[in-house]
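Heads up: the protein sequence lines correspond to chains W and D, in order.
For reference, each letter of the first sequence is one residue, going 2 to 794 in the working numbering.
For reference, each letter of the second sequence is one residue, going 2 to 352 in the working numbering.
C-beta: ideal position from N, C-alpha, C; glycine also.
Okay, structure first, notes after.
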Amino acid sequence: MRVPLAWLRELVPVELETEELIERIGRRGVKVEGVLEPWSGLSGVVVAEVLDVRDHPNSDRLCLARVRTPQREAEVVVGVRNMRPGDRVPWAPPGARVPELDRPLEARAIRGVVSEGMLCSPRELALGAEHEGILVLDDPDLVPGTDLRTGLGLDQPVLDIEVEPNRPDFLSVLGVAREVAAATGAPIVEPPAALAETDERASEVASVRIEATDACSRYVARMLRGVRPVASPLWARARLVAAGMRPISAVVDATNYVMLELGQPLHAFDLARLTGPAIVVRYAQAGERLTTLDGVERVLEPEDLLICDASGPVAIAGVMGGATSEVDASTTDVLLESAHFARGRILRTARRLDLHTEASHRFERGTDPEGLDRAAARCAALIAAWTGASVASGVAEAGEVPPRRRVVLRPDRASSVLGYPVSIRDAAGAFAELGLPHRIDGDRVEVEVPGYRVDLEREVDLIEEVLRVQGYDRVGSRLPRAPHPGGAPPAYAFARRLKEALLRAGLREIRPTPFVSADDAAVGGARAVPVANPLRVEEGFLRTSLVPGLARSAARNLDLGARGVALFEVGVVFDLADGVRERRRVGFVLAGAAPAAWDAPERPVDVLDARGVLEAVLADVGVEGWELAAVPDGPWHPGRSAAVRVGSAEAGVLGELHPRAARAFGVEGRVALCELDVAALAGARRTERTVRETPRVPPVRRDLAFVVPAEVPAGRVRAILTEAGGELLDEAVLFDVYEGPPLPAGRKSLAFAVSFRAPDRTLEGQEVQPIVERIVERIAAEVGGELRTTRAG
Amino acid sequence: MDVETMIATFEAERERALVLARGAATPEELEAARVAVLGRRSPFAEAQRRLGALQPEDRRRAGKVANEAREAIVAALATRASELEAAAEEQLVAADRIDLTLPGRRPPIGSLHPLTIIEDEVVEAFVAMGFRVVEGPEVEDDWHNFEALNIPADHPARTMKDSLYVDVPGQPGLLLRTETSAAQIRTMESQGPPVYIVSPGRVFRRETPDATHLPVFHQVECLVVDEGITFADLKGTLEALVRSLFGPSRRVRLGPAYFPFVEPGAEVGVSCFRCDGAGCRVCGNGWIELLGAGMVHPQVLENCGYDSERLTGFAFGMGIERVAMLRWGIPDMRLLIEGDVRFLEQFGGAA
Numbered sequence: 002m003r004v005p006l007a008w009l010r011e012l013v014p015v016e017l018e019t020e021e022l023i024e025r026i027g028r029r030g031v032k033v034e035g036v037l038e039p040w041s042g043l044s045g046v047v048v049a050e051v052l053d054v055r056d057h058p059n060s061d062r063l064c065l066a067r068v069r070t071p072q073r074e075a076e077v078v079v080g081v082r083n084m085r086p087g088d089r090v091p092w093a094p095p096g097a098r099v100p101e102l103d104r105p106l107e108a109r110a111i112r113g114v115v116s117e118g119m120l121c122s123p124r125e126l127a128l129g130a131e132h133e134g135i136l137v138l139d140d141p142d143l144v145p146g147t148d149l150r151t152g153l154g155l156d157q158p159v160l161d162i163e164v165e166p167n168r169p170d171f172l173s174v175l176g177v178a179r180e181v182a183a184a185t186g187a188p189i190v191e192p193p194a195a196l197a198e199t200d201e202r203a204s205e206v207a208s209v210r211i212e213a214t215d216a217c218s219r220y221v222a223r224m225l226r227g228v229r230p231v232a233s234p235l236w237a238r239a240r241l242v243a244a245g246m247r248p249i250s251a252v253v254d255a256t257n258y259v260m261l262e263l264g265q266p267l268h269a270f271d272l273a274r275l276t277g278p279a280i281v282v283r284y285a286q287a288g289e290r291l292t293t294l295d296g297v298e299r300v301l302e303p304e305d306l307l308i309c310d311a312s313g314p315v316a317i318a319g320v321m322g323g324a325t326s327e328v329d330a331s332t333t334d335v336l337l338e339s340a341h342f343a344r345g346r347i348l349r350t351a352r353r354l355d356l357h358t359e360a361s362h363r364f365e366r367g368t369d370p371e372g373l374d375r376a377a378a379r380c381a382a383l384i385a386a387w388t389g390a391s392v393a394s395g396v397a398e399a400g401e402v403p404p405r406r407r408v409v410l411r412p413d414r415a416s417s418v419l420g421y422p423v424s425i426r427d428a429a430g431a432f433a434e435l436g437l438p439h440r441i442d443g444d445r446v447e448v449e450v451p452g453y454r455v456d457l458e459r460e461v462d463l464i465e466e467v468l469r470v471q472g473y474d475r476v477g478s479r480l481p482r483a484p485h486p487g488g489a490p491p492a493y494a495f496a497r498r499l500k501e502a503l504l505r506a507g508l509r510e511i512r513p514t515p516f517v518s519a520d521d522a523a524v525g526g527a528r529a530v531p532v533a534n535p536l537r538v539e540e541g542f543l544r545t546s547l548v549p550g551l552a553r554s555a556a557r558n559l560d561l562g563a564r565g566v567a568l569f570e571v572g573v574v575f576d577l578a579d580g581v582r583e584r585r586r587v588g589f590v591l592a593g594a595a596p597a598a599w600d601a602p603e604r605p606v607d608v609l610d611a612r613g614v615l616e617a618v619l620a621d622v623g624v625e626g627w628e629l630a631a632v633p634d635g636p637w638h639p640g641r642s643a644a645v646r647v648g649s650a651e652a653g654v655l656g657e658l659h660p661r662a663a664r665a666f667g668v669e670g671r672v673a674l675c676e677l678d679v680a681a682l683a684g685a686r687r688t689e690r691t692v693r694e695t696p697r698v699p700p701v702r703r704d705l706a707f708v709v710p711a712e713v714p715a716g717r718v719r720a721i722l723t724e725a726g727g728e729l730l731d732e733a734v735l736f737d738v739y740e741g742p743p744l745p746a747g748r749k750s751l752a753f754a755v756s757f758r759a760p761d762r763t764l765e766g767q768e769v770q771p772i773v774e775r776i777v778e779r780i781a782a783e784v785g786g787e788l789r790t791t792r793a794g
Numbered sequence: 002m003d004v005e006t007m008i009a010t011f012e013a014e015r016e017r018a019l020v021l022a023r024g025a026a027t028p029e030e031l032e033a034a035r036v037a038v039l040g041r042r043s044p045f046a047e048a049q050r051r052l053g054a055l056q057p058e059d060r061r062r063a064g065k066v067a068n069e070a071r072e073a074i075v076a077a078l079a080t081r082a083s084e085l086e087a088a089a090e091e092q093l094v095a096a097d098r099i100d101l102t103l104p105g106r107r108p109p110i111g112s113l114h115p116l117t118i119i120e121d122e123v124v125e126a127f128v129a130m131g132f133r134v135v136e137g138p139e140v141e142d143d144w145h146n147f148e149a150l151n152i153p154a155d156h157p158a159r160t161m162k163d164s165l166y167v168d169v170p171g172q173p174g175l176l177l178r179t180e181t182s183a184a185q186i187r188t189m190e191s192q193g194p195p196v197y198i199v200s201p202g203r204v205f206r207r208e209t210p211d212a213t214h215l216p217v218f219h220q221v222e223c224l225v226v227d228e229g230i231t232f233a234d235l236k237g238t239l240e241a242l243v244r245s246l247f248g249p250s251r252r253v254r255l256g257p258a259y260f261p262f263v264e265p266g267a268e269v270g271v272s273c274f275r276c277d278g279a280g281c282r283v284c285g286n287g288w289i290e291l292l293g294a295g296m297v298h299p300q301v302l303e304n305c306g307y308d309s310e311r312l313t314g315f316a317f318g319m320g321i322e323r324v325a326m327l328r329w330g331i332p333d334m335r336l337l338i339e340g341d342v343r344f345l346e347q348f349g350g351a352a
C-alpha cells in the first residue's frame, strides 16, 4: 500500500518528522519498506500564462505559443493547440526535467524556430495517461511562476507499506492513520462526508435485494444525477498516481480515491443501464456469462457471487464490474455501490478467474462491514463536488450491519504467554490506546472488536495487541530446559557420516535443485513425479536420481575450465509408487583429469577411480560385504558399469556414463559416477568393531603371477586365491596386470603379492610351498590359468 | 731379533699406523694403510711371527705389547673408517638437493557445502540445548503444510502462485512443502508433549531465481511445546542460537510480524556483526532481519490434539541460505546451487 504522506497527515495531524514517524509505527508492526518520491524526475517546471498561439511558419501541425511568467517571456513550439491565451499551463523551460525524458530540456530549433523548452501534457508530468492536449491548470492558487512540483504537492514523499494479510485495514490511509494515532496520541480527523441531498429518495430510485445472505451482509447504494464527463481535480489525480492508481474520470477516480482513503471498495454503475433499476446479490448459475469491463467474457460458476440487475449479471461482486453497465462519457446518472462481501467467496472467484483487482485484494482480506455508509457518503460528496452532480437522499439498501465480536482477555493468561506480568490496567490501557472499545469485568477485559479489525478473533490476538503496545522490548530472556538429552535420529546421523567420508575422500559437496526435464527424470528408471505448475516447463519433474545433477555440475565445471572434478551430493530423490516415495541417496561424480602430482602424467578418470572412492567411503562408514552385479539399465557404459549390491539388497550403481549419455549431459570424455541408496547402506553397516590381536611374527611373502584367459575378472582369481590359501594366507594384493607379448593373444597376467602368516610362530618357506601348489591347482581347474612366475618376496 | 727390538718394532708400528690412518683420505688409502701395518708382510706381522721363538718370559712381555699395539691400530683404522664414511655420506647428502618450492604431491581435499556447514552449526547448537532432530517429507499434503498450520483454503497467504504442486493420481493437493513448519505438525501428531525439536530441511517456493530468491532453499525449524513456555523462552533460545552463529556479543531484537501459525508473531533482528549496531553497508540501520518467530498459535496446538490452555510453545524458522550469505558475504544466492568448484573450494578446511 502506497500512502502519500500529505494524505496521511490530513487524517492524522501528527507533527513528527517522517523518519521518526516511520520508526514509531514500525515498532507497532507497520512495515514501511521504502519512502518513494514519485515525481523525483520532475524539476523546474513552472506555471506560465499563455499570451498567444500562432501557426508555426514551417509546419502545418505545429504551433508556436508565447508564454509568460513574472520573470520572463518565451516562445515554445507545441504539437497541439488546446491552450488559449489566458490559460495557465505547465512550462518546462530549458534546464527543467520531466519524468518522461531522461535528460534536462534544452532550447533547440524545431523546423527552424527555437523552442524554449516545452509545454506539458498530463502524461509528460506523470499525472495520468492523457496525452492529447496540454494540461490547462484551473486551480486559482497556481499563479504564473509557481513551481509545479511544490504547487501540486508532488514533492511529498509516499510511504510504501508492506501489508500483512491479517491487517487489511492498512490497505487504506485511514487504517494506517489509526495506527499512527495509537502510536503517537494524535487525533484522527475523519474525512468530510457532508452531503447536500435532493428531495428524491434513493430507495425509490432503485431497489436492492440480497439473496446470497451468507456472502453479503449488507449492500448500500447511493443515487447521483447529472454527473458530467470531466476529469477529477489535479490534486486528486496526483494522489491517485502517488498511490499507484491511474486516473480515469471524475466518477471512477472518486470511487478509487475513497477506496484508498477508507479501505472500502466502491463501484459506480450507469443507472440508466441497469434494468429495473434493481440490484440483486446472488450466486451465479453454472455457465452464466458476463463480459467484465476489461472486455473479457467470463464463464461463471455457482460459487461466484454476482451483482445483477432485473435482467441478469452486471458485475462479479467484489472483483470487477461488467462492461454493459460501465460508467462512460455518456453517463448522467450513477448508482454507487458500497457493500460488504464474505472474504472467502471473493478470494475463490478472483483466484479461479485469475482476476486480481484493487477491490478483490481488499475484499478477500476483509473489509469493514461498518464502514459502508460513510464510504458511500464520502464518495457521493466527492462526485458531487467534482462533477456538479446532485445526490438523492438516503440510500437504497439491504442486509444489516453484523454485530461486533466480543473477545475476552485474561491478564493472567497474557502474563503466562508473554512471560512478564500483565496487569488488568496494562491491558485496558493498551486497548484504550488502540481505540478498541472495552470494559473491565472482574479479572478480565472484554473487547468489543470494531469491524475494521478483522484479525482480532480470540484471546491470543488481544495478547498480541497488548505486546504491540507495550513493546517487544518488554519481553525478558530465558533459556528453556529440555527434559531430555538432545540428539539426531540414526538416519540423519548416518547421512551426515557419509558426507564426512566423502569429504575425507577429497570430494566437494554440491546442492543442485531437484527439478529436472522429462529426459533427466527418466534416468532413474522410476516413474517420475510431475510438477503441476513448474517454473520452467523444461524442468517439469522431480528428480528420480542424483545422476543428472551430478553429471551436469561436472559438465559445467569442465566448461568453466576445471581440469578435473570430484563432486558429491546426499539428497532426496522422488518417484511414484503408491503415492510419492522419497528416498535419500548418496552420489558422486568424477570427470576430467584424475587427481595427480605435477610430475606424474595427467590421465583421464575412469570407473576405477570411482571404485576407489567407493571402497574408501564404504570402509569409512563401516559398510562391509558389498559386491558388483550385472550392468543396470540406464545411461551406463556396458563394459564399465555394474550394479552394486550391499548385503542382499540392490543398493545402486557404479560405472561410467555411456559416451552418448555423457555427451547429452554436456561432457566429452569419461564420466565416472556412483549412486547408492542411503538406507541400504545404513542397513548394511557393521554395528560393532571386532578387534584382532596383531601378529608379532614376520610373514612369508610370495609374488605369484598367473596367466589367465583375458575375460576372467581379476576379482574371481583373487577370490579363488584367497579361498585356496586357507587360514595361513594373510593378504593377497594385486600389483600388476599385463596383456601383450610374449603372452599369447587372449591371455593376461595377474600378479599378486601374497603373504602367509601363522598367528603363533614364524612360518618356514617349505610350509608355504604346498599352499602355493594348492592355489595353482585351483586356479588351473577353475579359470584355466597357470602360474607364470613365482618369487619369494 | 731380540725381545727389545721386537717390542720396539710393535711400538714403532703402532705409531706409524696411527699416522697412516689419520692420513688416509679415502677408504682405499685406509685399506692400503691397514695392509701396510697389519698385512701379512708388514713389519708388525713379521715381528709377531717371531714371538714363538722367544723365551716364555720374554714372549709374555712382548705378546702383551703386540696385543695392545694391534688393538690400538685396529681402533684407529675403525675410527678413521667411520670418519671417512660419515664424510662420504655428508658429501652425498650435500649433493642430494630438491627445490622445496615445487608443489607438494598432496591428496585431494574435499569440502562440505556452505549450507551443510551452517546446518551443522545450528543443529549442534540445538542438540547441545537438549533438542531432538526430526526430519519430514519434502512432498507434503495440504493438511500438514497449510490447514493444520492455521492457513485454511481461502486464506490470502495461500495462492497457487507461491507453492509448487505435484501431480499424483488420486492424491490431489500434494505440494512441495513451503516451510519446514510442516514438521511441527508431524511431530505433534506422532508424540505427546513436551516437544523440543529442531528440523532442518529443504523447502520450495514458486520463485524465479535471482540474487536473493531461489525456488529451492533450506530452513531450520525450531519448535518447543511444554507447560510454562513463554515469549521469554523464545527470546532466550534465539539469543543462544544467534550468538553461536554470529558471535557472543550479538544482540537480538524482536518486533511485530505476522505468520498465521504463531501469535504473537515476531520478526527477529540481530545486531549487525560488521558494525555492531551502529549502521553500515551490510545492515543499513544496525540490525539484520534474520528470521520469523512467535508463540505457537493455539489453533495449531488444537489441530494436533494438544491442550492449548495447559500448553504453550514457541516456534521459529530460519533460512539457512540467509545465514550463509550474511556470514560469508555471499553476494548471489544462485552460487549456492550452481556447484561451481571455484566457489565450493573456498569452504574446504576449517574457518
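{"Asked": "Inter-residue CB distance, P158 of chain W and V36 of chain W (contact presumed, cutoff 8 Å)", "Found": "5 Å"}
{"Asked": "CB contact below 7 Å: V140 of chain D versus chain W", "Found": "yes"}
{"Asked": "Near the ligand ZN: G488 of chain W beta-carbon under 6 Å from a heavy atom", "Found": "Absent from the structure shown: the ligand ZN. Ligands present: none."}
{"Asked": "Rounded straight-line distance, which links the Cα of L291 of chain W to that of F262 of chain D", "Found": "38 Å"}
{"Asked": "Min CB distance P531 of chain W to chain D below 7 Å", "Found": "yes"}
{"Asked": "Buried or exposed by the 16-neighbour rule on C-beta atoms within 10 Å, applied to W637 of chain W", "Found": "buried"}
{"Asked": "C309 of chain W - containing beta strand (DSSP E), residue span", "Found": "306 to 309"}
{"Asked": "Distance, L172 of chain W Cα to V31 of chain W Cα", "Found": "11 Å"}
{"Asked": "Exposure label - L437 of chain W; buried when at least 16 CB within 10 Å", "Found": "buried"}
{"Asked": "Residue(s) in a DSSP beta bridge with C64 of chain W", "Found": "W:D56, W:V79"}
{"Asked": "Reduced DSSP category for W40 of chain W - H, G, I as helix; E, B as strand; rest coil", "Found": "coil"}
{"Asked": "Nonlocal neighbours in the same chain, by C-beta distance under 6 Å from G266 of chain D, ignoring five residues either side", "Found": "A258, Y259, F260, G295"}
{"Asked": "Within-7 Å CB hit, S478 of chain W to chain D", "Found": "yes"}
{"Asked": "First through last residue of the beta strand (DSSP E) which encompasses A803 of chain W", "Found": "Within the shown structure, residues of chain W are numbered from 2 to 794, placing residue 803 of chain W beyond reach of any answer."}
{"Asked": "Per-residue DSSP class, three states only, for G111 of chain D", "Found": "coil"}
{"Asked": "Any C-beta of chain D under 7 Å from that of R512 of chain W", "Found": "yes"}
{"Asked": "Cβ-based contacts, 9 Å cut-off: residues of the segment 484 to 510 of chain W near chain D", "Found": "P484, H485, P486, G487, G488, A489, P490, A492, Y493, A494, R497, K500, E501, L503, L504, R505, A506, G507, L508, R509, E510"}
{"Asked": "Whole runs of the beta strand (DSSP E) within the segment 384 to 431 of chain W, excluding any shorter than 3 residues", "Found": "391 to 394, 397 to 400, 407 to 410"}
{"Asked": "Span separating the alpha-carbon of L22 of chain W from that of R159 of chain D", "Found": "32 Å"}
{"Asked": "CB of G549 of chain W within 7 Å of CB of V574 of chain W, strictly", "Found": "Inspection of the sequence shows that residue 549 of chain W is occupied by Pro rather than by Gly. In this structure, V574 of chain W does not lie closer than 7 Å to P549 of chain W by Cβ."}
{"Asked": "Local Cβ density within 10 Å of E322 of chain D, reported as buried at 16 or more and exposed below that", "Found": "buried"}
{"Asked": "E302 of chain W versus W:R283, W:F736, W:L577, W:V698, residue with shortest Cα-Cα distance", "Found": "W:R283"}
{"Asked": "Own chain, CB closer than 6 Å to N304 of chain D, minus 5 neighbours either side, in chain order", "Found": "A149"}
{"Asked": "Every unbroken alpha helix (DSSP H) inside the segment 649 to 707 of chain W [4 residues or more]", "Found": "660 to 666, 679 to 685"}
{"Asked": "Rounded distance between the beta-carbons of G786 of chain W and V738 of chain W, thought under 8 Å", "Found": "About 13 Å separates the two Cβ atoms, so there is no contact after all."}
{"Asked": "Nearest neighbour of R85 of chain W, chosen from W:A187, W:L65, W:R104 [CA to CA]", "Found": "W:L65"}
{"Asked": "Collapsed DSSP secondary structure at V217 of chain D in the structure displayed", "Found": "strand"}
{"Asked": "Selected residue, minimal CA-CA separation from G256 of chain D, among D:E268, D:E264, D:R343, D:G248", "Found": "D:E268"}
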